[in-house]
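Student:
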């Protein structure tokens with residue numbers, strides 16, 4: 013099971029009525045048990061929610077196959093669902109219940125015995141910051157609290173994969189930060205795999221290790237964000253004033269390589285693990301005055317826009333794209 | 010350690026079996042419903058009639074305690090099919106009111122709060138969810154129908170002895186089967202109304218009105234066309250007709266038992282289709 017993909021799609025086609033929403037998509041996303049997050053991006057109507065609903069067994073594929081953690085979503089729906097936690101996009105709760113009762117019921121439905129279910133309900137409510145409000149009925153909660161309660165019910169049974177559909181939608185900045193922090197903790201501390209569906213690029217960029225961009229029911233881009241970040245971080249444009257003729261000699265000292273373009277302008281490639289602060293240190297050491305230091309990187313927004321066809325693929329940026337659709 | 014100090018850790022202990030999971034929804038629903046005073050009062054009130062009937066059973070088996078009763082009346086008061094039919098008729102009415110009170114909270118809140126995706130994202134199929142919800146109302150109705158019916162029958166057996174049981178065991182079987190049919194129909198009507206109408210009060214009214222309206226329609230057909238087959242549209246009448254046949258009691262003119270059973274089956278299938286259509290995790294707009 014070591015190399016089992018978190019999500020594996022094989023020529024997956026899904027129809028809603030007569031309309032085909034997903035047009036035969038294939039990919040392998042994430043590795044089970046690694047505690048990584050996968051971002052599912054795309055404009056409205058791209059098929060993100062349809063894909064999630066198919067993975068959860070709500071919709072039947074018209075062709076192809078979808079697997080979660082190595083389990084066929086259609087044939088072994090029960091087994092697949094017992095290992096998933098799902099946070100839907102819209103308001104979903106039982107208003108007449110207190111948060112503790114609601115979470116306990118959900119945990120028991122996932123197979124936890126009553127006593128551990130109650131313990132986990134309390135634990136997870138404190139974890140998401142609803143400890144003080146856990147005996148209040150859910151209908152009295154604010155929107156942000158309801159979002160947290162939805163997240164709590166998704167993780168109360170300790171699933172291997174948590175599927176979050178637009179988790180930060182409608183949250184104020186503080187609540188959004190808290191939600192993203194919880195997602196990062198879920199990955200790092202609990203080793204859960206997370207599948208996030210969102211149209212907020214910053215959220216995906218902040219918490220995901222891998223991203224898939226959907227457009228009109230097809231995958232148009234699949235990238236490893238960690239690698240993208242690393243490769244982009246190594247590229248620095250520097251402009252200095254002063255005698256910079258020794259700069260080329262000292263750059264290898266930090267493992268970097270540089271090319272002078274004349275007039276104090278340099279292009280420097282930093283090795284993995286070396287941060288841009290090392291350049292500052294070198295310039296200070298060489299008594300150089302930094303006029304400009306650009307830490308150039310492809311942002312996810314650029315990648316997304318290119319995948320959507322809003323930006324032209326140019327030069328080195330284009331090399332980072334591996335379009336599949 | 011206090012829970013707020015402990016922090017969250019993933020659960021990795023043993024999991025419960027399928028039946029335990031199936032009973033989670035009924036358990037929580039019963040807990041919620043029986044915490045409502047009106048439901049408790051109505052359930053308790055539903056036991057008054059069985060208590061009176063139990064007194065009647067006692068009296069018929071101890072007529073020597075009242076020597077003043079004449080022979081004609083002694084022959085009239087007997088624990089037979091007629092007695093159980095009257096008992097079932099009244100008790101069925103109580104069950105209908107409990108259904109109207111408790112039924113709407115079965116599915117309507119889940120639909121109103123869009124909670125179905127939360128249930129169906131867990132190892133719970135649509136049918137197991139529907140059966141679990143059906144078990145909630147069927148369980149509540151059985152408490153006021155099957156249980157007192159069987160107790161009355163056993164009370165009579167205890168007074169009248171084994172010879173009465175041998176001669177009248179079909180009465181006991183008829184009480185169980187008759188109430189099962191009624192409980193099934195009431196439960197399905199409650200589920201369908203609750204799934205169709207999201208507002209709880211309206212759902213309760215709809216589930217009761219369904220019986221009154223169908224009775225009215227069937228009477229109208231009978232009167233306008235001067236026929237008796239109009240009763241085939243009245244589930245309450247048809248269930249009563251089936252009971253009478255099982256208890257070997259005469260009934261008013263109308264469709265035959267076979268027709269009634271066929272019509273009731275169609276009614277049940279229609280209700281199942283309504284429930285099937287509404288209980289979906291996502292609504293597909295075609």
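Chains as they are written, first to last, in this note's numbering: chain A, 13 to 337; chain B, 10 to 295. We put the beta carbon where it would ideally sit given N, CA and C, even for glycine. Computed from a predicted structure; not experimentally measured.
1. Name the DSSP beta bridge partners of residue 272 of chain A, please?
2. Establish whether the CB of residue 120 of chain A and some CB of chain B are separated by less than 8 Å.
3. Threshold first: 4 residues or longer. Then list the alpha helix (DSSP H) segments lying entirely within the stretch 71-113 of chain B, N to C.
4. Is any beta-carbon of chain B found at less than 8 Å from that of residue 373 of chain A?
5. Residue 135 of chain A and residue 126 of chain A - do their beta-carbons sit closer together than 8 Å?
6. Okay, do the stretch 274-289 of chain A and the stretch 15-32 of chain A touch, 3+ Cβ pairs below 8 Å being the bar?
7. Where does residue 205 of chain A fall in DSSP's three states?
8. Interface residues of chain A around residue 77 of chain B at Cβ under 9 Å?
9. Within 10 angstroms of its Cβ, does residue 334 of chain A collect 16 or more other Cβ (buried), or is it exposed?
10. Could you check whether residue 110 of chain B and residue 47 of chain B sit closer than 8 Å to each other, using their CB atoms as the reference points?
11. Are residue 126 of chain B and residue 104 of chain A closer than 8 Å when you measure CB to CB?
12. Name the chain A residues whose beta carbon is nearer than 9 Å to that of residue 43 of chain B?
13. Find out if the Cβ-Cβ distance for the pair residue 36 of chain A, residue 76 of chain A is shorter than 8 Å.
14. According to the neighbour-count rule (16 or more other Cβ atoms, all chains shown, within 10 Å of its Cβ), is residue 72 of chain B buried or exposed?
15. So, is residue 204 of chain A buried or exposed, given that buried needs 16 or more other C-beta atoms within 10 angstroms?
16. Within this structure, are the beta carbons of residue 241 of chain B and residue 268 of chain B separated by less than 8 Å?
17. Let me check one thing: in DSSP terms, what residues is residue 78 of chain A bridge-paired to?
18. Can you give me, in chain order, the residues of the stretch 78-110 of chain A that have a beta carbon less than 7 Å from any beta carbon in chain B?
19. Quick check on residue 253 of chain B: does DSSP put it in helix, strand or coil?
20. Compare the C-beta of residue 22 of chain B with all C-beta atoms of chain A and state if any pair is closer than 8 Å.
21. Would you please verify whether the beta carbon of residue 35 of chain B is less than 8 Å from any beta carbon of chain A?
22. Under 9 Å Cβ-Cβ, which residues of chain B neighbour residue 136 of chain A?
23. Do we get a CB-CB distance below 8 Å when we pair residue 210 of chain A with the residues of chain B?
24. Answer with yes or no whether the minimum CB distance from residue 333 of chain A to chain B is below 8 Å.
25. Taking 8 Å as the threshold (C-beta atoms), are residue 117 of chain B and residue 214 of chain B in contact?
26. Identify whether residue 233 of chain B lies in helix, strand or coil by the three-state DSSP scheme.
27. In its own chain, which residues sit with a C-beta less than 8 Å from the C-beta of residue 146 of chain B, not counting the 5 before and 5 after it?
28. Taking CB distances under 8 Å as the criterion, tell me whether residue 165 of chain A reaches chain B.
29. Whole angstroms is fine: what's the gap from residue 303 of chain A's alpha carbon to residue 281 of chain A's?
30. In the DSSP assignment, find the unbroken beta strand (DSSP E) run with residue 207 of chain B in it and report its ends.
31. For residue 228 of chain A, which three-state DSSP category applies?
32. Residue 193 of chain A CB to nearest chain B CB: under 8 Å?
33. Going by the CB atoms, is the gap between residue 64 of chain A and residue 206 of chain A shorter than 8 Å?
34. Closer than 8 Å, CB to CB, is residue 68 of chain A near chain B or not?
Tutor: Once the coordinates are examined:
1. Taking the first chain and counting its residues from 1, the one referred to as residue 272 of chain A is at position 260. DSSP output for residue 272 of chain A lists A:278 as bridge partner(s).
2. Residue mapping note: residue 120 of chain A aligns to position 108 of the first chain, counting from 1. Yes, residue 120 of chain A counts as interfacial toward chain B.
3. The DSSP assignment places 80-85 and 90-111 as complete runs of the alpha helix (DSSP H) inside the stretch 71-113 of chain B, in order along the chain (cut-off: 4 residues).
4. With chain A running from 13 to 337 in the structure shown, residue 373 of chain A is simply not present.
5. Walking along the first chain from the start, residue 126 of chain A turns up at place 114. Walking along the first chain from the start, residue 135 of chain A turns up at place 123. Cβ atoms of residue 126 of chain A and residue 135 of chain A: not closer than 8 Å.
6. With contact defined as three or more Cβ pairs closer than 8 Å, the stretch 274-289 of chain A and the stretch 15-32 of chain A are not in contact.
7. Counting from one through the first chain, the residue named residue 205 of chain A turns up at place 193. Residue 205 of chain A falls in the strand class under three-state DSSP.
8. On the second chain, residue 77 of chain B is found 68 positions in, with the first residue counted as 1. Chain A residues near residue 77 of chain B: none, gap ~56 Å exceeds 9 Å.
9. Within the first chain, numbered from 1, the residue matching residue 334 of chain A stands at position 322. Bear in mind that a pLDDT of 33 at residue 334 of chain A, under 50, signals an unreliable position, so the model cannot answer this.
10. Counted from its first residue, the second chain places residue 47 of chain B at position 38. Counted from its first residue, the second chain places residue 110 of chain B at position 101. At the C-beta level, residue 47 of chain B and residue 110 of chain B come within 8 Å of one another.
11. Here residue 126 of chain B corresponds to residue number 117 of the second chain, with the count starting at 1. Here residue 104 of chain A corresponds to residue number 92 of the first chain, with the count starting at 1. Yes, the Cβ-Cβ distance between residue 126 of chain B and residue 104 of chain A is below 8 Å.
12. The residue you call residue 43 of chain B lines up with position 34 of the second chain. Within chain A, no C-beta atom comes nearer than 9 Å to that of residue 43 of chain B; the closest sits roughly 14 Å away.
13. As a first step, residue 36 of chain A must be located in the first chain, where it is residue number 24. As a first step, residue 76 of chain A must be located in the first chain, where it is residue number 64. Cβ distance < 8 Å, so residue 36 of chain A and residue 76 of chain A count as in contact.
14. Reading the second chain from its first residue, position 63 is the one you call residue 72 of chain B. Exposed is the call here.
15. Position 192 of the first chain, counting from 1, holds the residue named residue 204 of chain A. The residue in question, residue 204 of chain A, is buried, as its Cβ has 16 or more Cβ neighbours within 10 Å.
16. Reading the second chain from its first residue, position 232 is the one you call residue 241 of chain B. Reading the second chain from its first residue, position 259 is the one you call residue 268 of chain B. Yes; because the gap between Cβ atoms is below 8 Å, this pair is in contact.
17. Within the first chain, the letter at position 66 stands for residue 78 of chain A. According to the DSSP secondary-structure assignment, residue 78 of chain A is paired through a beta bridge with A:21.
18. Those would be 90, 93, 94, 96, 98, 100, 102, 103, 104, 105, 106, 107 and 108, in chain order.
19. The residue given as residue 253 of chain B occupies position 244 in the second chain. Of the three classes helix, strand and coil, the one that applies to residue 253 of chain B here is helix, per DSSP.
20. Taking the first residue of the second chain as position 1, residue 22 of chain B is located at position 13. With 8 Å as the cut-off, residue 22 of chain B counts as an interface residue toward chain A.
21. Translated into positions along the second chain, residue 35 of chain B becomes position 26. Judged by the 8 Å Cβ criterion, residue 35 of chain B is not in contact with chain A.
22. Numbered from its first residue, the first chain carries residue 136 of chain A at position 124. In chain order, 17 make up the part of chain B whose C-beta sits under 9 Å from the C-beta of residue 136 of chain A.
23. As a working mapping, residue 210 of chain A is identified with position 198 in the first chain. The Cβ of residue 210 of chain A sits no closer than 8 Å to any Cβ of chain B.
24. Position 321 of the first chain, counted from the start, is the residue given in the question as residue 333 of chain A. Only weak support is given to the placement of residue 333 of chain A: the predicted model assigns it a pLDDT of 32, under 50, and the value that follows is read from those uncertain coordinates. Chain B, which has no Cβ nearer than 8 Å to the Cβ of residue 333 of chain A, makes this no.
25. Indexing the second chain from 1 puts residue 214 of chain B at position 205. Indexing the second chain from 1 puts residue 117 of chain B at position 108. No, the pair does not count as a contact, with Cβ atoms beyond the cut-off.
26. Residue 233 of chain B sits at position 224 when you count from the first residue of the second chain. Here DSSP, grouped into helix, strand and coil, assigns residue 233 of chain B to helix.
27. Locating residue 146 of chain B in the second chain gives position 137, counting from the first residue. Counting only Cβ-Cβ distances below 8 Å, and skipping sequence neighbours, we find 108, 111, 112, 115, 195, 196, 199 and 200.
28. The sequence position of residue 165 of chain A within the first chain is 153, counting from 1. Closer than 8 Å to some Cβ of chain B, the Cβ of residue 165 of chain A qualifies, so yes.
29. By 1-based counting over the first chain, the position of residue 303 of chain A is 291. By 1-based counting over the first chain, the position of residue 281 of chain A is 269. Taking the straight line from one Cα to the other gives about 18 Å.
30. Position 198 of the second chain holds residue 207 of chain B. Taken as a continuous stretch (DSSP letters only), residue 207 of chain B belongs to no beta strand (DSSP E), as it is neither H nor E.
31. Against the first chain, residue 228 of chain A aligns to sequence position 216. Residue 228 of chain A: coil per DSSP, three-state reduction.
32. Counting from one through the first chain, the residue named residue 193 of chain A turns up at place 181. By this cut-off, residue 193 of chain A is not an interface position.
33. For the purposes of this step, residue 206 of chain A is taken as residue 194 along the first chain, with counting starting at 1. For the purposes of this step, residue 64 of chain A is taken as residue 52 along the first chain, with counting starting at 1. Contact annotation: residue 206 of chain A and residue 64 of chain A have beta-carbon atoms that are not nearer than 8 Å.
34. Numbered from 1 along the first chain, position 56 holds the residue referred to as residue 68 of chain A. Residue contact with chain B for residue 68 of chain A: present (Cβ-Cβ distance below 8 Å to some residue of chain B).
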